[in-house]
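Residue numbers (the working numbering), protein chains in the order written: chain A, 42 to 410; chain B, 42 to 410. Each residue gets a CB set at the ideal place from its N, CA and C atoms; glycine is no exception. Shown next, in structure tokens, is the structure this report addresses.
Protein chains: 2
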Amino acid sequence: MTCKRIVELGARAYPIHIGPDLLPKLGAHCAEEKMGSKTLIVSDDHVDALYGGVAEESLRSVGLVTARVTVPAGEPSKSHDPLIRIYHAALDAGLERSSSIVALGGGVVGDLAGFAAATYLRGIRLIQVPTSLLAMVDSAVGGKTGINLPQGKNLIGAFYQPSMVLADTATLRTLPPREFCAGLAEVVKYGVIADAGLFDALEGKTPEILMNDDALLEDIICRSCEIKADVVRDDEREGGVRAILNFGHTLGHAIEQVSGYGRYLHGEAIAMGMVYAARLSERELAFPAKDTERLIRLLKALRLPVTMPDLSWPALMEAMRHDKKKTGGTVGFVLAQSLGAVRFGCALPETLLNEVWEQNRDTGESRAP
Amino acid sequence: MTCKRIVELGARAYPIHIGPDLLPKLGAHCAEEKMGSKTLIVSDDHVDALYGGVAEESLRSVGLVTARVTVPAGEPSKSHDPLIRIYHAALDAGLERSSSIVALGGGVVGDLAGFAAATYLRGIRLIQVPTSLLAMVDSAVGGKTGINLPQGKNLIGAFYQPSMVLADTATLRTLPPREFCAGLAEVVKYGVIADAGLFDALEGKTPEILMNDDALLEDIICRSCEIKADVVRDDEREGGVRAILNFGHTLGHAIEQVSGYGRYLHGEAIAMGMVYAARLSERELAFPAKDTERLIRLLKALRLPVTMPDLSWPALMEAMRHDKKKTGGTVGFVLAQSLGAVRFGCALPETLLNEVWEQNRDTGESRAP
Numbered sequence: 042m043t044c045k046r047i048v049e050l051g052a053r054a055y056p057i058h059i060g061p062d063l064l065p066k067l068g069a070h071c072a073e074e075k076m077g078s079k080t081l082i083v084s085d086d087h088v089d090a091l092y093g094g095v096a097e098e099s100l101r102s103v104g105l106v107t108a109r110v111t112v113p114a115g116e117p118s119k120s121h122d123p124l125i126r127i128y129h130a131a132l133d134a135g136l137e138r139s140s141s142i143v144a145l146g147g148g149v150v151g152d153l154a155g156f157a158a159a160t161y162l163r164g165i166r167l168i169q170v171p172t173s174l175l176a177m178v179d180s181a182v183g184g185k186t187g188i189n190l191p192q193g194k195n196l197i198g199a200f201y202q203p204s205m206v207l208a209d210t211a212t213l214r215t216l217p218p219r220e221f222c223a224g225l226a227e228v229v230k231y232g233v234i235a236d237a238g239l240f241d242a243l244e245g246k247t248p249e250i251l252m253n254d255d256a257l258l259e260d261i262i263c264r265s266c267e268i269k270a271d272v273v274r275d276d277e278r279e280g281g282v283r284a285i286l287n288f289g290h291t292l293g294h295a296i297e298q299v300s301g302y303g304r305y306l307h308g309e310a311i312a313m314g315m316v317y318a319a320r321l322s323e324r325e326l327a328f329p330a331k332d333t334e335r336l337i338r339l340l341k342a343l344r345l346p347v348t349m350p351d352l353s354w355p356a357l358m359e360a361m362r363h364d365k366k367k368t369g370g371t372v373g374f375v376l377a378q379s380l381g382a383v384r385f386g387c388a389l390p391e392t393l394l395n396e397v398w399e400q401n402r403d404t405g406e407s408r409a410p
Numbered sequence: 042m043t044c045k046r047i048v049e050l051g052a053r054a055y056p057i058h059i060g061p062d063l064l065p066k067l068g069a070h071c072a073e074e075k076m077g078s079k080t081l082i083v084s085d086d087h088v089d090a091l092y093g094g095v096a097e098e099s100l101r102s103v104g105l106v107t108a109r110v111t112v113p114a115g116e117p118s119k120s121h122d123p124l125i126r127i128y129h130a131a132l133d134a135g136l137e138r139s140s141s142i143v144a145l146g147g148g149v150v151g152d153l154a155g156f157a158a159a160t161y162l163r164g165i166r167l168i169q170v171p172t173s174l175l176a177m178v179d180s181a182v183g184g185k186t187g188i189n190l191p192q193g194k195n196l197i198g199a200f201y202q203p204s205m206v207l208a209d210t211a212t213l214r215t216l217p218p219r220e221f222c223a224g225l226a227e228v229v230k231y232g233v234i235a236d237a238g239l240f241d242a243l244e245g246k247t248p249e250i251l252m253n254d255d256a257l258l259e260d261i262i263c264r265s266c267e268i269k270a271d272v273v274r275d276d277e278r279e280g281g282v283r284a285i286l287n288f289g290h291t292l293g294h295a296i297e298q299v300s301g302y303g304r305y306l307h308g309e310a311i312a313m314g315m316v317y318a319a320r321l322s323e324r325e326l327a328f329p330a331k332d333t334e335r336l337i338r339l340l341k342a343l344r345l346p347v348t349m350p351d352l353s354w355p356a357l358m359e360a361m362r363h364d365k366k367k368t369g370g371t372v373g374f375v376l377a378q379s380l381g382a383v384r385f386g387c388a389l390p391e392t393l394l395n396e397v398w399e400q401n402r403d404t405g406e407s408r409a410p
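The following block contains the structure:
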């Protein structure tokens, strides 16, 4: 079984294929979409060792001329030197305007190779082949690409839509469990912001999900991509409603930044950020406390942290202020009214932010059963 | 007198202001278009010394917070290090998503600062303030931005439309005459590809143009921008008709490349390329020989070269082949049927290319009266 969805963006609409053992069919899907005759597979050294050969063989089997380039695994590769390395590999491989770049890997590879595709010869085709859960449900869909500067994450980039996304759920079997669980945080987020039914399903099937049940994974990834695709369709360049995708991210980003990136995975920081946002939502939008308890219970069952971390609150506040400025337009918190319904751009008084932080720092975990 | 035109690109439509002494009104025009509160002026050291102060004062007079950054004048600045310098200046100036970058200068500054604006925070507003004739009639309009790699020109870039173009024709008075004339080559091109009337006007008013007549310059720049804007509107990302803008550029680019950039200005190489393309057009599309003679006469009157340069023909052929591959899609020459009407994508036999080269190498100049 596989699932296929189309992201509706007019002339830039693209298909998403999701299912087990899709990677060997990459070439066939590329041929279907007339992807040009040359392609460069960009990956990190870990993922390339596991899947680079399968991807390349599949592309060659349909007559494509391929080349491969790898960057070291990890966030530091989202920077200028690896980017230039990809440009040179693209030139060496003779990539033309009609050629394509295949981004094979997690979020780092997707963002980096995506930005390379967006800017090489002013833009060539991009095929996202996410191999982490986070990339499948989040970064591979939606068109955000970019790299970091020493001054901050994602400061350089482009909105650039892929021509195709292919998510082989079988690749999740080699994903470290901690990363898998961190990816689930974003799935929980989709439940909170847009789909109470998805939230229910996650609650009801936690053990099966953690055991990597193929059909179930396909379902929740597919539903996550649908929600993200709908939001992106309505607001491609992040001027409005796309902000709801940042539920839990205001504090989450600050936690990542203040803790120095690496201590928490993105999804873990978002899990804590969602608990905080839910508590704020209780105070501001009468979000039911029992639903915050459900959220905490679900996140804990998915092995995600729910207690506020031991970090300097003034430092977190400062980071949140900076994050708001950077993202512009959509200042303020995303808060939930009920499971499946949120509001964005909520400006909140600092006293409330302080108070809820203090309360959850002390009691966040103990409140959960 | 000033002229205002709108480039019609749907949600990304933008105004072009053309006329003498517009630079002191830059701030007022920015305020009109609600350009955000912070702006970074990017320029080269030559242009900054002449006009940076006026531009900054104008922006400050309407309450904008401004900063300035300069790169060395010249093509080598279209590269990664100056780009990163601009990113850092943007961060130091606290530029946010709602801020803007002003590109004050010629084509190099416009392409470089344009690419910085396209990629900083995934894209902020860009205001093109071209100060060279070439930039006014060509590079500032149309949304091509980018930088060079050691392997070739414009290999990295983005299609990114400005929010406004402001061309102060008074700045042309400080442009070196040779550069001014090179810019006129592109104006002649617009006549050939789209407007026999413009061609006639250039023929009839050559002395006035060379004497920098304000009203006349405003007219021909305005008309050039209109033609370019129309073509770009119909083909923003260069899949089809935009190719006609490359009349004379197939050989022209090759001449620039083989001669090593610097020996000929872009417009000079294009002038020779147009003569060659016109001769090919005689053979292939029955373009009248007398119109080629008119073209040669006009280019010479504008102090532009019309005889084929003393360069290796095999090297030029190789460069043309490479150029075609790189630009993809639109393979082949742009040829004229008559003044004002061209066809693109004309594939020509190598024997014809050789023959016309040989003929014009010997007699190109002597044919002109």
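A Cβ of chain B is located within less than 9 Å of the beta carbon of A:Thr-160.
It is roughly 16 Å from the alpha-carbon of A:Leu-380 to the alpha-carbon of A:Gly-314. A:His-129 belongs to the set of residues whose beta carbon lies under 9 Å from a beta carbon in chain B.
Secondary structure at A:Asn-401: helix, using DSSP grouped into helix, strand and coil. At least one CB atom of chain B sits nearer than 9 Å to the CB of A:Arg-163. In this structure the segment 81-90 of chain A touches the segment 143-152 of chain A; the number of beta carbon pairs closer than 8 Å is three or more. If you look at B:Ala-270, you'll find it in the alpha helix (DSSP H) that goes 255-275.
The secondary-structure analysis by DSSP pairs A:Arg-109 across a beta bridge with A:Ile-82. Only those residues of the segment 265-278 of chain A whose C-beta falls short of 9 Å from the nearest C-beta of chain B are listed: Arg-278. One Cα belongs to A:His-58, the other to A:His-121, and the distance between them is close to 31 Å. When the alpha-carbon of B:Val-316 is set against those of B:Phe-374, B:Asn-253 and B:Ala-199, the nearest one is in B:Phe-374. Nearest neighbour of B:Val-149 by Cα position, chosen from B:Leu-124, B:Tyr-128, B:Arg-166 and B:Thr-160, turns out to be B:Leu-124. Judged by beta-carbon spacing, B:Ile-188 lies beyond the 9 Å limit of B:Tyr-231, meaning their Cβ atoms are not closer than that value. DSSP places A:Pro-56 inside the beta strand (DSSP E), whose first and last residues are 55-60. Judged by pairs of C-beta atoms under 8 Å, the segment 256-275 of chain A touches the segment 219-235 of chain A, as three or more such pairs exist. Residues of the segment 187-201 of chain B with a Cβ closer than 7 Å to any Cβ of chain A, in chain order: Gly-187, Leu-190, Gln-192, Leu-196, Ile-197, Gly-198, Ala-199 and Phe-200.
Each residue's CA atom was taken as its position, placing A:Val-110 and A:Glu-279 some 31 Å apart. At a cut-off of 9 Å between C-beta atoms, B:His-58 does not count as an interface residue with respect to chain A.
Within the segment 114-125 of chain A, His-121 and Ile-125 place their CB atoms closer than 8 Å to a CB of chain B, listed in sequence order. Proximity of A:Leu-132 to chain B, defined by a Cβ-Cβ separation below 9 Å, is satisfied. Using a Cβ-Cβ cut-off of 8 Å, B:Lys-185 is close to Arg-163 of chain A, given in chain order. Within the same chain, Ile-59, Gly-60, Glu-259 and Cys-263 come within 7 Å of B:Cys-44 by CB-CB distance, once the 5 residues on both sides are set aside. By the neighbour-count criterion, in which 16 or more other beta carbons inside 10 Å mark a residue as buried, B:Lys-119 falls on the buried side. With contacts defined as CB atoms closer than 9 Å, B:Met-358 and B:Glu-391 qualify as a contacting pair.
The C-beta distance from B:Val-397 to B:Leu-321 rounds to 5 Å, short enough to meet the 8 Å contact threshold. Following the DSSP letters along the chain, one finds A:Arg-214 in no beta strand (DSSP E), marked with neither H nor E. In this structure, DSSP gives A:Thr-348 a state outside helix and strand, which the three-state scheme calls coil. For A:Thr-186, the uninterrupted beta strand (DSSP E) run begins and ends at 185-190, by DSSP. Within the segment 125-204 of chain A, the beta strand (DSSP E) runs of at least 3 residues that lie entirely inside it are, in chain order, 141-146, 166-171, 185-190 and 193-200. Distance between A:Ala-312 and A:Leu-376, taken at the CA atoms: about 14 Å. By the Cβ neighbour-count rule, A:Ala-256 is exposed, with fewer than 16 other Cβ atoms within 10 Å of its own.
Shown here for A:Leu-326: same chain residues with a beta carbon closer than 6 Å to its own, the five before and five after excluded, namely Leu-376 and Gln-378 in chain order. With contact defined as three or more Cβ pairs closer than 8 Å, the segment 198-212 of chain B and the segment 174-189 of chain B are in contact. Residue pairing by DSSP places B:Ala-377 opposite B:Val-383 in a beta bridge. Note on geometry: alpha-carbon atoms of B:Ala-342 and B:Ser-173 lie some 20 Å from one another.
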